[in-house]
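Numbering (the working numbering), first residue to last: 24 to 157.
Here's the structure we're looking at; comments come further down.
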């Protein structure tokens, strides 16, 4: 199995960062067009990107306000069964956002494409956090 890993260094309150990757409002500010979030273990997140992309994931790990992990239950073939995790750790006095998208069966074009877009989306996440008032 293969994985995509990205880290982002932030100087932002952890609660604000956690909300950005775990709440409907937060996710809609940088990743989804719209989502529904049932933020609890076993809860379902519905991710809407456009009419052709309505994906679902189950929350399999949740430690507020530090980490959330989903497993995709409805998505395209490459994403179904993969795990997406966002976690916060402290490193050298800074906050580190760690994103891991694991469980990829093949390292194909879609894997490479997704890795590139994760980097772009995380840049967008950081920009939205910096420009949004506390």
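No residue lacks a Cβ here, since even glycine has one placed at the ideal position from N, Cα and C.
Beta-ladder partner(s) of residue i, from DSSP
| i | result |
| --- | --- |
| residue 143 | DSSP output for residue 143 lists no bridge partner at all. |
| residue 34 | According to DSSP, residue 34 bridges with nothing at all. |
| residue 26 | 125 |
| residue 94 | 81 and 106 |
DSSP-derived helix/strand/coil call for residue i
| i | result |
| --- | --- |
| residue 55 | coil |
| residue 89 | coil |
| residue 153 | helix |
| residue 121 | strand |
| residue 126 | strand |
| residue 103 | coil |
| residue 48 | helix |
Cβ-based neighbour list, residue i, same chain, cut-off 8 Å, excluding 5 preceding and 5 following
| i | result |
| --- | --- |
| residue 35 | 118, 152 and 153 |
| residue 145 | 29, 31, 120 and 122 |
| residue 134 | 25, 27, 101 and 127 |
Distance cut-off 7 Å: residue i Cβ against heavy atoms of the ligand NAD
| i | result |
| --- | --- |
| residue 90 | Although the ligand NAD was asked about, the structure shown includes no ligands whatsoever. |
Exposed unless 16 or more other CB atoms sit within 10 angstroms - verdict on residue i
| i | result |
| --- | --- |
| residue 108 | buried |
| residue 49 | buried |
| residue 122 | buried |
| residue 43 | buried |
| residue 114 | exposed |
| residue 60 | buried |
| residue 76 | exposed |
| residue 139 | exposed |
| residue 96 | exposed |
Own chain, CB closer than 6 Å to residue i, minus 5 neighbours either side, in chain order
| i | result |
| --- | --- |
| residue 85 | 64 and 91 |
| residue 125 | 26 and 106 |
| residue 47 | 58 and 60 |
| residue 83 | 92 and 94 |
| residue 66 | 82 |
Contact belief for residue i with residue j at Cβ below 8 Å, rounded distance in angstroms
| i | j | result |
| --- | --- | --- |
| residue 24 | residue 93 | 16 Å between Cβ atoms; not a contact. |
Cut-off 7 Å between Cβ atoms - residues of its own chain near residue i, not counting five sequence neighbours on either side
| i | result |
| --- | --- |
| residue 88 | 37, 38 and 41 |
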